[in-house]
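Numbering-wise, this note's numbering puts 212 at position 92 of the sequence shown, and it's gapless, one number per residue. Reviewing the structure listed below.
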Amino acid sequence: VSTMNPDGSSNSRRQNARSVDLNRNFPTGWKKSKGGHFYSGNRPRSEKETRAMMAFISRLNPDGILSFHQHANTVFSICNAKNRPWVLRTGQLMKLPVDRNTDCQQDAKLYSGTMNDWFTSNFDGWFATVEMPTSNRVTKNKIRRYSRASIKLAREQRG
Numbered sequence: 121v122s123t124m125n126p127d128g129s130s131n132s133r134r135q136n137a138r139s140v141d142l143n144r145n146f147p148t149g150w151k152k153s154k155g156g157h158f159y160s161g162n163r164p165r166s167e168k169e170t171r172a173m174m175a176f177i178s179r180l181n182p183d184g185i186l187s188f189h190q191h192a193n194t195v196f197s198i199c200n201a202k203n204r205p206w207v208l209r210t211g212q213l214m215k216l217p218v219d220r221n222t223d224c225q226q227d228a229k230l231y232s233g234t235m236n237d238w239f240t241s242n243f244d245g246w247f248a249t250v251e252m253p254t255s256n257r258v259t260k261n262k263i264r265r266y267s268r269a270s271i272k273l274a275r276e277q278r279g
């Protein structure tokens, strides 16, 4: 899936057309936020994009998900034990640092209603959040490396 947020992509912003951060709109651990940059919506699953992604993932039932974001230049999602080996391998293959200093309890408070939380709570697969560098630092070589790493991870997953 190239983007689950076409409105945000076309407007170079995190939120969809209704100013909702789709990665705060999933039902697992959802909390209503006051608005702003990480506005979670009026209720979990309030956004059609969230519902569409949930339906797609439910039909697909993948063994793992790589979710690409920008701009922290790191790999997240190490707090969940089933994610950890894949997060570490993703960082290694993509040559991105892995955020090992995460305060998992604090993260759970700050980042509620994420696709990661929903997926890892409802499926057997693993999830890694790949935070690429800022746009002006994403070179063709990095895109090639991330693409090759993604394919290699899929092959390793298959065994």
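Note that beta-carbon positions come from the ideal geometry of N, C-alpha and C, so glycine has one too.
Per DSSP, GLU276 lies in no beta strand (DSSP E); the unbroken alpha helix (DSSP H) holding it starts and ends at 260-278. When secondary structure is reduced to three states using DSSP, HIS189 falls in the strand class. Residue burial annotation: GLN212 is exposed, with fewer than 16 other C-beta atoms found within 10 angstroms of its C-beta. Distances from the alpha-carbon of LYS272 to those of SER232, TRP238, ARG209 and PRO126 put ARG209 closest.
ILE263 is classed as exposed because its beta carbon has fewer than 16 other beta carbons within 10 Å across all chains shown. Short of 7 Å from the beta carbon of GLN190, and not among the five residues preceding or following it, lie these beta carbons of its own chain, in chain order: GLU251, MET252, THR254 and SER255. In the displayed model, THR194 falls within a strand according to three-state DSSP. Of the candidates ARG163, ASN143 and ALA137, the residue whose Cα lies closest to the Cα of MET173 is ASN143.
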